[in-house]
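Chemist: Got a structure here, written out as structure tokens. Questions coming.
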Amino acid sequence: MRKTLAGVFAIAIAGLTACSGMDQASTSTNTPTSTPTTTSSSAMGMTRTSDVFGPGCAGVPQGGKGSLTGMAEDPVATAASNNPLLTKLVAAVKAANLVDTLNSQEAITVFAPADPAFAELGDAKFQELAGNPAALTPILQYHVAPMRYDAKGLQTAKTVKTLNGTDVTIAGSGDSLTVNGAPVLCGNIPTKNATVFVIGKVLTP
1250 MRKTLAGVFA IAIAGLTACS GMDQASTSTN TPTSTPTTTS SSAMGMTRTS DVFGPGCAGV
1310 PQGGKGSLTG MAEDPVATAA SNNPLLTKLV AAVKAANLVD TLNSQEAITV FAPADPAFAE
1370 LGDAKFQELA GNPAALTPIL QYHVAPMRYD AKGLQTAKTV KTLNGTDVTI AGSGDSLTVN
1430 GAPVLCGNIP TKNATVFVIG KVLTP
């Protein structure tokens, strides 16, 4: 988590594979020197656990590595792997061999489709993509911005370029915030190198 299949990347595939992991991703190019739980939320794109919002946040574990506090301590791909809302996304990232790539980024934003978002694809399509990294990688890249944004930063930007070079459109605010029309279910989630927005739809370039 500057890298939901359908629920993150050349700015192209070459750039991602050169780095190659979804464990780590901001509007700042600086690497945080402390965990997001202790860093001021005024820092560009950085958030704290107290900044998290959205109806889907109720599904985040209250304790352990998959909790908000636990996720803040790990790079984005590792953090996502501990979150029960993101098992399909993590499987896709592993299939595309992007775990190390994501974890090695200094400051990114990840639009992470929740598991139910992948239901629209169907198991057959998901398995097809999982077996074809060349087709899967650009889709995952479309879910990652090469800068770290918080919700306010996204609203101000209105459009954000992703790692595959294509823009996503931000609309609404608060619990009505959307990314290309996909509702933000839980936003401003801090990880060691990324700010995560769990969304209700897999984005397609």
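Residue numbers (my numbering): 1250 to 1454.
Glycine included, every Cβ here is placed at the ideal spot set by N, Cα and C.
Values in this document were obtained by computation on a predicted structure and should not be read as measured data.
What number of angstroms, rounded off, separates the C-alpha of Leu1378 from the C-alpha of Val1359?
Modeler: The alpha-carbon atoms of Leu1378 and Val1359 are separated by roughly 20 angstroms.
Chemist: Pop quiz: Ala1363 and Leu1334 are said to be a contact at Cβ under 8 angstroms. What is the actual Cβ separation, rounded to whole angstroms?
Modeler: Contact holds; Cβ gap of about 5 angstroms.
Chemist: By the three-class DSSP mapping on this structure, what secondary structure does Leu1378 have?
Modeler: In this structure, Leu1378 counts as helix in the three-state DSSP scheme.
Chemist: Starting from Pro1432, follow its DSSP beta bridges and name the residues at the other end.
Modeler: Answer is Thr1427.
Chemist: What is the DSSP secondary structure of Ala1341, counted as helix, strand or coil?
Modeler: Ala1341: helix per DSSP, three-state reduction.
Chemist: Can you tell me where the alpha helix (DSSP H) with Lys1401 in it begins and where it stops?
Modeler: Counting along the chain, the alpha helix (DSSP H) containing Lys1401 begins and ends at Ala1400 to Ala1406.
Chemist: Considering Thr1318, what are the terminal residues of the alpha helix (DSSP H) in which it resides?
Modeler: Leu1317 to Ala1321 is the extent of the alpha helix (DSSP H) around Thr1318.
Chemist: Buried or exposed for Pro1387, please, with buried defined as at least 16 other CB atoms from any protein chain shown within 10 angstroms of its CB.
Modeler: By the 10 Å Cβ count, Pro1387 comes out buried.
Chemist: Rounded to a whole number of angstroms, what is the C-alpha to C-alpha distance between Leu1434 and Asp1416?
Modeler: One C-alpha to the other measures close to 20 angstroms.
Chemist: For the structure I just gave you, are there three or more beta carbon pairs, one from the stretch 1401-1419 and one from the stretch 1368-1382, closer than 8 angstroms?
Modeler: Verdict: no, contact absent.
Chemist: Using a Cβ-Cβ cutoff of less than 6 angstroms, which residues in the same chain neighbour Gly1430 once the five nearest sequence positions on both sides are dropped?
Modeler: Around Gly1430: no qualifying Cβ.
Chemist: Among the residues of its own chain, which have a CB less than 8 angstroms from the CB of Leu1385, if the five just before and after it don't count?
Modeler: Answer for Leu1385: Leu1254, Ala1341, Ala1344, Ala1345, Leu1378 and Ala1379, listed in chain order.
Chemist: Three or more C-beta pairs closer than 8 angstroms, one from the stretch 1314-1321 and one from the stretch 1439-1450: is that the case here?
Modeler: As far as the Cβ criterion goes, the stretch 1314-1321 touches the stretch 1439-1450, which means the pair count is three or higher.
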